[in-house]
Structures are given as C-alpha cells and as structure tokens.
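Report on one structure; see the data block that follows.
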C-alpha cells in the first residue's frame, strides 16, 4: 500500500525532496496529522506537509512504521532518531514504541549520546532503562560520563551533571 503511490494524496516536503502517502493512513495513526489534514481539506489547499528539518529517509521510515510496523531496510540510528522525532511531534504512539525498541538494539558507544538524549528528552522510560543498562557495561560510556562529555540531559540521567557542576564550582 505504501508503494501504491498513484493513490497517494499527501506530500511531505523534506530537505531532500518529496515523499508521499495516503491521508487515511496518516489520519488513523496520528491525531496531529489528522488535525493538519482536516484543516487542509477545509481550506481547499494542497495536502503538503513541510518537514524541512528531516531527510527523505526519516519520513520514509516513519511511514513504513505507520503502514507495516516494520522497516524494509536497515536504517542507521540517525534515521531512526529522525523518525522518532517526527513520531513524537505528531503523536504516532505505535511508531514511537517500535522505534524506541529498535533504538535500544542499536546502542553502542558512538550512538549512545544521541539515543540516550532522545530517550530523556522524550520521556521514553523503556529506552532510558536500556540506555542505563548499556552504560553500566560500556567502559567507553563510563569514561565519557566521568569526564562530563555527554549532553546535559544524559549526564542528568546518571546523576552526573550535578556532580560536574559541583566540582566546577569548587
């Protein structure tokens, strides 16, 4: 159904070009998209949603989650984070859960700061738990925590920010 582009009636304008979808799928998945698309219908304007802060891959991944609850590719953790941002912004709760679960399996020292920060800022408890567990077993992450080199939200997750601020004042 996602690939049946001839029947698509919504266009997402990303920073890399367009991606299309069926409005009825979006309306069923998201109260935010439902409100947006209903306002387009009332105004008689084209159903085009600008997401210039996101790549085509990020939008496509979210649409795959909406249509099939899975991905047909093996996207990078960065693409999953983009899709998570959109799912969170548009309140696509099923996709948020699926993406968070996928991100928990993508934790490694390189991806940890971005994934953990997203987990904290979006209040994703299961993903925060996975991040805590990963950090306990990763010497690289432990080192970054001790040096205070991780984002403030991540440092706070581990109670490190308060210690870093206290030692900086001393």
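Numbering (my numbering), first residue to last: -12 to 157.
We put the beta carbon where it would ideally sit given N, CA and C, even for glycine.
This one's a predicted model, so the numbers in the text were calculated from it and none came from an experiment.
Taking 8 Å as the cut-off, decide whether the C-beta atoms of residue i and residue j are in contact.
i           : j           : result
residue 85  : residue 56  : yes
residue 91  : residue 117 : yes
residue 140 : residue 104 : yes
residue 106 : residue 115 : yes
residue 37  : residue 0   : yes
residue 89  : residue 49  : no
residue 34  : residue 20  : no
Count the other C-beta atoms from every protein chain shown that fall within 10 angstroms of the C-beta of residue i, then say buried if there are 16 or more, exposed otherwise.
i           : result
residue 124 : exposed
residue 45  : buried
residue 22  : exposed
residue 142 : buried
residue 8   : buried
residue 87  : buried
residue 129 : exposed
residue 157 : Annotation note: pLDDT 44 at residue 157 (below 50); position unreliable, no value reported.
residue 47  : buried
Using 8 Å for Cβ pairs, my map puts residue i next to residue j. What's the rounded Cβ distance?
i          : j          : result
residue 73 : residue 41 : 6 Å
Tell me the residue span of the beta strand (DSSP E) that contains residue i.
i          : result
residue 35 : 35 to 38
residue 4  : 4 to 8
Need the endpoints of the alpha helix (DSSP H) that residue i sits in, please.
i           : result
residue 51  : 43 to 55
residue 88  : 80 to 91
residue -6  : It is not in any alpha helix (DSSP H) - residue -6 carries neither H nor E in the DSSP assignment.
residue 129 : 126 to 134
residue 158 : Nothing about residue 158 can be read from this structure; the chain reaches only from -12 to 157.
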